[in-house]
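One point on numbering: in the numbering used here, the residue at position 230 of the sequence shown is 378, and numbering is uninterrupted.
From the three backbone atoms N, C-alpha and C, an ideal C-beta is built for every residue, glycine too.
Comments concern the structure below.
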Amino acid sequence: MHVALVQLDIVWHDKAANVAKVLDLTADVPAGALIVLPEMFDVGFSMKAARTAVGDSVAAVAELARVRRCTVAAGVALRDGDAYRNACLIFDANGELARYYKRKPFVMVNEGRHYAAGDQVVVAEIAGAKLAPTICYDLRHPHVFREAALAGAEVLVNVANWPSARAAHWTALLTARAIENQAYVLGCNRCGRDPYAEYPGKSVVIDPLGEIVAEAGADEIVLQAEIDVDRVRQVRSELPFLHP
Numbered sequence: 149m150h151v152a153l154v155q156l157d158i159v160w161h162d163k164a165a166n167v168a169k170v171l172d173l174t175a176d177v178p179a180g181a182l183i184v185l186p187e188m189f190d191v192g193f194s195m196k197a198a199r200t201a202v203g204d205s206v207a208a209v210a211e212l213a214r215v216r217r218c219t220v221a222a223g224v225a226l227r228d229g230d231a232y233r234n235a236c237l238i239f240d241a242n243g244e245l246a247r248y249y250k251r252k253p254f255v256m257v258n259e260g261r262h263y264a265a266g267d268q269v270v271v272a273e274i275a276g277a278k279l280a281p282t283i284c285y286d287l288r289h290p291h292v293f294r295e296a297a298l299a300g301a302e303v304l305v306n307v308a309n310w311p312s313a314r315a316a317h318w319t320a321l322l323t324a325r326a327i328e329n330q331a332y333v334l335g336c337n338r339c340g341r342d343p344y345a346e347y348p349g350k351s352v353v354i355d356p357l358g359e360i361v362a363e364a365g366a367d368e369i370v371l372q373a374e375i376d377v378d379r380v381r382q383v384r385s386e387l388p389f390l391h392p
């Protein structure tokens, strides 16, 4: 599977600008790839929930999948009935495959007051691989990833706005999640700045033994790599550590 992690310098509260940037950055991504976009790629990590939910982010993700003929996993802010959600949508060219709501709102900004937490593991089948999305602060909660792995996930995706102040934690925790779940981990972070924080980028693809396959620096870039889910199955067979 070809994967393309879009390490985006998100324009604050400007959906049109961010969608346009993603279309430009992904122009050379091959058809059939998995494109991953950061948490709230369309607006930035904003607690102004009513403002972030204005405009149709779902339609924008659907159109990107259709135009690029790819599967897209994208972090967006959206309205869900009477609540607002920090979500990861998964679309292919034919429509929506899955929708995940962030299970662990970020405590340091009281995210849970603005976006309702989810409570479900989501696993989607993509090109013969089973993929589970997670969002940013979920990464600090190992059980979120273990539950996904036990539900069959072979590729664990984390879309994030992870700050430079804790950049070392980002890489260390992603590596731990890969090793303990014997899965590929795709960590797609933003870069640049918003009004409140600086972001290091450092998007990364990690194999089921914890080895780094590809890693970005701090610039806006599309990090591309090949992953082979048969490798997950081989590792889990040779080292049967996932199940007690």
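Beta-carbon spacing of residue i, residue j below 8 Å
i: residue 263; j: residue 250; result: yes
i: residue 341; j: residue 309; result: no
i: residue 271; j: residue 332; result: no
i: residue 222; j: residue 237; result: yes
i: residue 170; j: residue 182; result: no
i: residue 239; j: residue 209; result: yes
i: residue 327; j: residue 306; result: no
i: residue 373; j: residue 151; result: yes
i: residue 322; j: residue 287; result: yes
i: residue 187; j: residue 258; result: no
i: residue 197; j: residue 225; result: yes
Neighbourhood of residue i by C-beta, 6 Å cutoff - its chain only, sequence neighbours within 5 removed
i: residue 214; result: 241
i: residue 274; result: 219
Sequence-distant residues of its chain with Cβ nearer than 8 Å to residue i (five each side left out)
i: residue 311; result: 345, 346, 347, 348
i: residue 383; result: 330, 356, 357
Cβ shell of residue i (< 7 Å), same chain only, five flanking positions each side left out
i: residue 319; result: 350, 352
i: residue 389; result: 330
Burial state of residue i (16 or more Cβ within 10 Å)
i: residue 376; result: exposed
i: residue 243; result: exposed
i: residue 298; result: exposed
i: residue 359; result: exposed
i: residue 281; result: buried
i: residue 387; result: exposed
i: residue 301; result: buried
Query - Contiguous alpha helix (DSSP H) assignments of at least 4 residues, all confined to the region 286-328 - result: 290-298
Query - Cβ contact (3+ pairs, closer than 8 Å) linking the region 186-194 and the region 163-171 - result: yes
Query - Completely contained beta strand (DSSP E) runs for the region 356-382, where each covers 3 or more residues - result: 360-363, 369-374
Query raised in the report: Counting pairs of beta carbons, one from the region 364-372 and one from the region 205-221, are three or more of them closer than 8 Å?
Result: no
Query raised in the report: Quick check: the region 202-211 against the region 344-357, are there 3 or more CB pairs under 8 Å?
Result: no
Query raised in the report: What are the start and end residues of each continuous beta strand (DSSP E) run of 3 or more residues lying completely inside the region 204-233, in chain order?
Result: 219-228
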